[in-house]
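Engineer: Mapping to numbering that gives the first Met the number 0: the sequence shown position 88 is 87, numbers consecutive.
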Amino acid sequence: MTATVGSLLHAGNNRLRAAGSETPRLDAELLLGHTLGIDRTGVLAHPDAPVGEGQLAAWEAALARREAGEPVAYIRGLKEFYGVAFTVDFRALIPRPETEGLVELAAERVRDALVGAPRPADASALRIWDVGTGCGAIAIALTITLERRGYGGYFRVLASDVSGEALGLAIENAVGHGVADVIDFARGDLLAVDPPAEAPVDLLLANLPYIPSGTVPELPVAASFEPRLALDGGPDGLDLVRRLLRALPAVLGPTGAALLEIGADQDQLIAAAVAEALPGWSVRTNPDLSGQPRVAEVLPPGRTP
Numbered sequence: 000m001t002a003t004v005g006s007l008l009h010a011g012n013n014r015l016r017a018a019g020s021e022t023p024r025l026d027a028e029l030l031l032g033h034t035l036g037i038d039r040t041g042v043l044a045h046p047d048a049p050v051g052e053g054q055l056a057a058w059e060a061a062l063a064r065r066e067a068g069e070p071v072a073y074i075r076g077l078k079e080f081y082g083v084a085f086t087v088d089f090r091a092l093i094p095r096p097e098t099e100g101l102v103e104l105a106a107e108r109v110r111d112a113l114v115g116a117p118r119p120a121d122a123s124a125l126r127i128w129d130v131g132t133g134c135g136a137i138a139i140a141l142t143i144t145l146e147r148r149g150y151g152g153y154f155r156v157l158a159s160d161v162s163g164e165a166l167g168l169a170i171e172n173a174v175g176h177g178v179a180d181v182i183d184f185a186r187g188d189l190l191a192v193d194p195p196a197e198a199p200v201d202l203l204l205a206n207l208p209y210i211p212s213g214t215v216p217e218l219p220v221a222a223s224f225e226p227r228l229a230l231d232g233g234p235d236g237l238d239l240v241r242r243l244l245r246a247l248p249a250v251l252g253p254t255g256a257a258l259l260e261i262g263a264d265q266d267q268l269i270a271a272a273v274a275e276a277l278p279g280w281s282v283r284t285n286p287d288l289s290g291q292p293r294v295a296e297v298l299p300p301g302r303t304p
């Protein structure tokens with residue numbers, strides 16, 4: 000009996016549900032579309048279409064990888080983030096939907112800086128730094144967004160990461176999206192990068208690891224395929240964030256801001272961390288679409304939230 004798109008989708012849904020997938024139907028649709036070279040709409044629109052032997056073998060291989068817990072994004076080799084498709088693999092964390100709020104808030108702050116206040120004609124381009132860039136999702140999505148909004152030429156982005164493998168992936172994505180000429184790349188631990196960053200920085204962005212070490216083993220099995228370096232934030236999740244806060248005065252300009260992604264239960268922790276590391280600085284927490292604390296905005300003395 001010839002396999003059809005509908006029969007494979009049904010069987011895949013059942014197998015992934017039995018394997019413990021949290022979204023078995025969606026996973027099956029995405030993987031089948033990837034195997035057939037079509038999108039989800041095409042999968043759903045043609046349930047009676049036959050599937051050839053070669054495609055069937057590729058489907059079985061993809062399904063087996065997902066049954067073993069491997070993330071769908073790694074199997075497909077891509078992940079959509081903020082309307083942009085990124086190449087993803089084991090070198091870096093898979094970008095999450097909640098991080099899109101950080102990109103949108105960053106775009107708003109750039110708009111405020113360029114449009115909301117008079118700017119000298121000879122002012123230099125805004126300096127934006129994405130610390131811990133991973134696959135480059137934040138830096139690249141923000142760059143594409145700002146250029147589409149007409150701000151091209153008024154900003155320059157630096158993307159850095161401690162992982163050379165992650166940085167290589169970020170560069171590949173920047174080249175693929177045609178923005179490698181607007182983004183500089185540097186390797187280093189937090190703000191200690193080579194080549195050194197040019198200060199002052201107007202906007203610093205960071206989605207650093209913020210999951211408590213004890214919670215990492217409890218994450219869904221898919222997370223075990225991602226670099227632990229990109230997940231583990233120490234005992235309470237904010238070890239790297241605290242180190243970053245202590246280094247901020249050396250790079251952030253007096254009218255600048257730092258936008259730091261945090262966990263939904265870490266708003267009080269980040270407030271205490273800022274008070275300890277940066278006396279006189281202020282912090283406010285911006286919610287995500289579900290109303291949960293998500294992005295901490297840290298401001299130098301003289302700036303109010």
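Don't be surprised by glycine CBs; every beta carbon is placed ideally from N, CA and C.
Measuring only the C-alpha atoms, how far is residue 295 from residue 182?
Structural biologist: For the purposes of this step, residue 295 is identified with residue 296 of the sequence shown, where counting begins at 1. For the purposes of this step, residue 182 is identified with residue 183 of the sequence shown, where counting begins at 1. Going from the Cα of residue 295 to the Cα of residue 182 covers about 24 Å.
Engineer: By Cβ distance, which residues of its chain are closer than 8 Å to residue 43, with the 5 residues on each side in sequence left out?
Structural biologist: Translated into the one-based positions of the sequence shown, residue 43 becomes position 44. If we look at residue 43 and ignore the five residues flanking it on each side, its Cβ neighbours are 28.
Engineer: Going by C-alpha distance, which of 255, 223, 260 is nearest residue 323?
Structural biologist: As displayed, the chain neither begins before 0 nor continues past 304, which places residue 323 out of reach and without an answer.
Engineer: Which one or two residues does DSSP pair with residue 128 in a beta bridge?
Structural biologist: Indexing the sequence shown from 1 puts residue 128 at position 129. BP columns for residue 128 point to 157, 203.
Engineer: Report all residues from its chain with a CB closer than 6 Å to the CB of residue 317; omit the five preceding and five following residues, and keep chain order.
Structural biologist: Any question about residue 317 goes unanswered here, given that the chain covers just 0 to 304.
Engineer: If you drop the 5 nearest sequence neighbours on each side, which residues of the same chain put their C-beta closer than 6 Å to that of residue 221?
Structural biologist: Residue numbering aside, residue 221 sits at position 222 when the sequence shown is read from its first letter. Once the five neighbours on either side are set aside, the close Cβ partners of residue 221 are 68, 70.
Engineer: Let me confirm a value: residue 129 is counted as buried when at least 16 other C-beta atoms fall within 10 Å, else exposed. Which label applies?
Structural biologist: Taking the first residue of the sequence shown as 1, we reach residue 129 at position 130. That one is buried.
Engineer: Excluding five sequence neighbours on each side, which residues of the same chain lie with their C-beta closer than 8 Å to the C-beta of residue 3?
Structural biologist: Sequence index remark: in the sequence shown, residue 3 carries index 4 (1-based). Here the set comprises 46, 47, 48, 49, 50.
Engineer: When DSSP labels each residue in this structure, what does residue 281 get in the three-state scheme?
Structural biologist: Taking the first residue of the sequence shown as position 1, residue 281 is located at position 282. It is a strand residue.
Engineer: Residue range of the alpha helix (DSSP H) that residue 23 falls in?
Structural biologist: As a first step, residue 23 is located in the sequence shown; it is residue number 24 there, counting from the start. From DSSP, the alpha helix (DSSP H) with residue 23 extends over 23-35.
Engineer: Just to confirm the assignment: which complete beta strand (DSSP E) runs, minimum length 3, are found wholly within the segment 203-283?
Structural biologist: If we require 3 residues or more, the beta strand (DSSP E) runs fully inside the segment 203-283 come out as 251-260.
Engineer: How would you label residue 267, buried or exposed, when you count the other beta carbons within 10 angstroms and need 16 or more for buried?
Structural biologist: Within the sequence shown, the letter at position 268 stands for residue 267. When all chains shown are included, residue 267 counts as exposed.
Engineer: In whole angstroms, what is the alpha-carbon distance linking residue 169 and residue 85?
Structural biologist: Here the question's residue 169 lines up with position 170 in the sequence shown. Here the question's residue 85 lines up with position 86 in the sequence shown. Those two C-alpha atoms are separated by around 9 Å.
Engineer: DSSP on residue 87, reduced to helix/strand/coil?
Structural biologist: As a working mapping, residue 87 is identified with position 88 in the sequence shown. Residue state, collapsed to three classes: coil.
Engineer: Using CA coordinates, which residue listed in 219, 131, 140, 234 is at the minimum distance from residue 192?
Structural biologist: By 1-based counting over the sequence shown, the position of residue 192 is 193. Checking every option, the nearest Cα to that of residue 192 belongs to 131.
Engineer: Would you call the segment 274-292 and the segment 233-249 touching, i.e. three or more CB-CB distances under 8 Å?
Structural biologist: These segments touch.
Engineer: I need the boundaries of the alpha helix (DSSP H) containing residue 166, first residue and last residue.
Structural biologist: On the sequence shown, position 167 is the one that residue 166 refers to. Start and end: 163-175.
Engineer: By Cβ distance below 6 Å, which residues in the same chain neighbour residue 270 in space, the five residues on each side in sequence not counted?
Structural biologist: The residue given as residue 270 occupies position 271 in the sequence shown. Here the set comprises 282.
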